[in-house]
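Novice: Handing you this structure, nothing more for now.
Number of protein chains: 2
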Amino acid sequence: MVRWEPDSRSRLLQAAMVLYGEQGFDRTTVAEIAERAGLTERTFFRHFTDKREVLFYGAQALQDLLVTTVVNAPASTTPIEAVTRALEAAGEMFGARREFSVQRQRIIDDSSELRERELIKLATLATALADALRQRGVTDPTAGLIGEVAIAIFKNAFERWVSTSEASDLGHMVREALEQVRDATAAP
Amino acid sequence: MVRWEPDSRSRLLQAAMVLYGEQGFDRTTVAEIAERAGLTERTFFRHFTDKREVLFYGAQALQDLLVTTVVNAPASTTPIEAVTRALEAAGEMFGARREFSVQRQRIIDDSSELRERELIKLATLATALADALRQRGVTDPTAGLIGEVAIAIFKNAFERWVSTSEASDLGHMVREALEQVRDATAAP
Chain A
9 MVRWEPDSRS RLLQAAMVLY GEQGFDRTTV AEIAERAGLT ERTFFRHFTD
59 KREVLFYGAQ ALQDLLVTTV VNAPASTTPI EAVTRALEAA GEMFGARREF
109 SVQRQRIIDD SSELRERELI KLATLATALA DALRQRGVTD PTAGLIGEVA
159 IAIFKNAFER WVSTSEASDL GHMVREALEQ VRDATAAP
Chain B
9 MVRWEPDSRS RLLQAAMVLY GEQGFDRTTV AEIAERAGLT ERTFFRHFTD
59 KREVLFYGAQ ALQDLLVTTV VNAPASTTPI EAVTRALEAA GEMFGARREF
109 SVQRQRIIDD SSELRERELI KLATLATALA DALRQRGVTD PTAGLIGEVA
159 IAIFKNAFER WVSTSEASDL GHMVREALEQ VRDATAAP
């Protein structure tokens, strides 16, 4: 029989974050995470495929938010504006859990395995954004290019956001980064 | 005693490409590559750290070419122009071995492990380009952003280049992609 485990996912997540922070990602096992959360390994694997996925459990929600925002933007919205609004919406999502984001980034930066996983997730987001633009009738190569450029902008803004000490606004940093790309690529 | 093995690197490379094409990357072993090349596994490992690296052996030369071109561009050259010239130079490098590039991309697209490795190599190139721009006095976040956007442009142009049937010019496609990014990000 399966016991009812209230909020076991968030208990596992919290336990993992503490252990990754204390002893490093590489040296932490699933057994230790489960024990710290007062749960079984079996429960862990009902929620996460492996110990890396604990750090990326929000990736699907992020992708859904980006895609939905792009697809549902008014028809008159330009492709880059639709994508920028999606990134601003993502900025609000991360803004609501800034402390977690900062701590998570520190763990990822410390592990080449996690940095690789993050690059893969970002590439997936670029593809999803490009597909959302195609749904709006944007043709290639523009759709693919905007997807890639949008992720470049988000990555850069996010890196700055987690490394600034004062409370800053990720959405605002996204908008700034877009303006910098615009200025940098402008015809001489 | 080490026997003199003329051009063993290129024999290993050719053998690997044939085997990866015939039976897939995943199912090919280093032992098979060495045997097909008429060499020993030990010789293989003198040239490549693993069977993935056979497909990325040119990465350092590519990075050196990009960095050198950016650093040595005339002082009056804008950052995005310096980077675009570097990508055009890379385009010439790839253009000289188009058939290899097409075949290599097919092998990479077939393997998630290789697609991941490629993402890591591209991220390394973005960082190297940003560092080269900083050497020219470009400040952040612009340097970091241009590095990322440049790689987005190159990736997109390269994908189109290897999938067009007629002989097209990669450098020209890079220039086109830059113009598309410029148009897409222009203020409304």
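So the protein lines, in turn, are chains A and B. The numbering of the first sequence is our numbering, which starts it at 9 and goes up by one. The numbering of the second sequence is our numbering, which starts it at 9 and goes up by one. Where a beta carbon is used, it is the ideal one built from N, C-alpha and C, also for glycine.
Would you report the Cα separation of residue 72 of chain A and residue 100 of chain A, rounded to the nearest angstrom?
Specialist: Each residue's alpha carbon lies about 14 Å from the other.
Novice: Check for me: the alpha helix (DSSP H) holding residue 190 of chain B runs from which residue to which?
Specialist: Start and end: 178 to 193.
Novice: Ends of the alpha helix (DSSP H) at residue 28 of chain B?
Specialist: Residues 16 to 31.
Novice: Is the region 38 to 57 of chain A touching the region 101 to 109 of chain A, taking contact as three or more C-beta pairs under 8 Å?
Specialist: With a cut-off of 8 Å, the region 101 to 109 of chain A and the region 38 to 57 of chain A do not count as touching, because too few Cβ pairs lie within range.
Novice: Could you check the C-alpha separation between residue 171 of chain A and residue 63 of chain B for me, to the nearest Å?
Specialist: Spanning the two alpha carbons is a distance of roughly 35 Å.
Novice: Compile a chain-ordered list of the residues in the region 25 to 58 of chain A whose CB is closer than 8 Å to at least one CB of chain B.
Specialist: Answer in chain order: no residues at all.
Novice: The ligand ZN heavy atoms versus the CB of residue 179 of chain B: any closer than 6 Å?
Specialist: By its list of ligands, the structure shown contains no ligand whatsoever, and the ligand ZN lies outside what it can speak to.
Novice: Using 10 angstroms around the beta-carbon of residue 16 of chain A, count the other beta-carbons present and answer buried if the total reaches 16, otherwise exposed.
Specialist: Result: buried.
Novice: So, are the CB atoms of residue 158 of chain B and residue 137 of chain B less than 7 Å apart?
Specialist: Their beta carbons are under 7 Å apart, which means residue 158 of chain B touches residue 137 of chain B by this criterion.
Novice: Among B:52, B:23 and B:66, which one has its Cα closest to the Cα of residue 109 of chain B?
Specialist: Measuring from the Cα of residue 109 of chain B, the nearest candidate turns out to be B:66.
Novice: Can at least three beta-carbon pairs, one atom from the region 173 to 183 of chain A and one from the region 87 to 97 of chain A, be found at a separation below 8 Å?
Specialist: Yes, they touch.
Novice: On the three-state DSSP scale, how would you describe residue 146 of chain B?
Specialist: Residue 146 of chain B: coil per DSSP, three-state reduction.
Novice: Measuring alpha carbon to alpha carbon, tell me which residue in A:132, A:143 and A:119 is nearest residue 124 of chain B.
Specialist: Ranking A:132, A:143 and A:119 by Cα distance to residue 124 of chain B puts A:132 first.
Novice: Considering only the alpha carbon of each residue, which of B:129, B:141, B:163 and B:148 lies closest to residue 154 of chain A?
Specialist: It is B:163 whose Cα lies nearest to the Cα of residue 154 of chain A.
Novice: Check the C-beta distance from residue 192 of chain A over to residue 87 of chain B and give it rounded, since I have them as a contact under 8 Å.
Specialist: About 6 Å; that satisfies the 8 Å criterion.
Novice: Classify residue 147 of chain A: buried if its beta carbon has 16 or more other beta carbons within 10 angstroms, exposed otherwise.
Specialist: Exposed, since its Cβ has fewer than 16 Cβ neighbours within 10 Å.
Novice: Excluding the five sequence neighbours on either side, which residues of its own chain have a C-beta within less than 6 Å of the C-beta of residue 90 of chain A, listed in chain order?
Specialist: Once the five neighbours on either side are set aside, the close Cβ partners of residue 90 of chain A are 78 and 81.
Novice: Which residue wins for smallest C-alpha separation from residue 75 of chain A, given the options A:161, A:194 and A:135?
Specialist: Of the listed residues, the one whose Cα sits closest to residue 75 of chain A is A:135.
Novice: Could you tell me the boundaries of the alpha helix (DSSP H) in which residue 40 of chain A lies?
Specialist: Residues 38 to 45.
Novice: Taking 7 Å as the CB-CB cut-off, is residue 9 of chain B touching chain A?
Specialist: Per-residue confidence for residue 9 of chain B stands at a pLDDT of 46, beneath the threshold of 50, marking its modelled position as unreliable; the derived number appears in the next sentence. By this cut-off, residue 9 of chain B is not an interface position.
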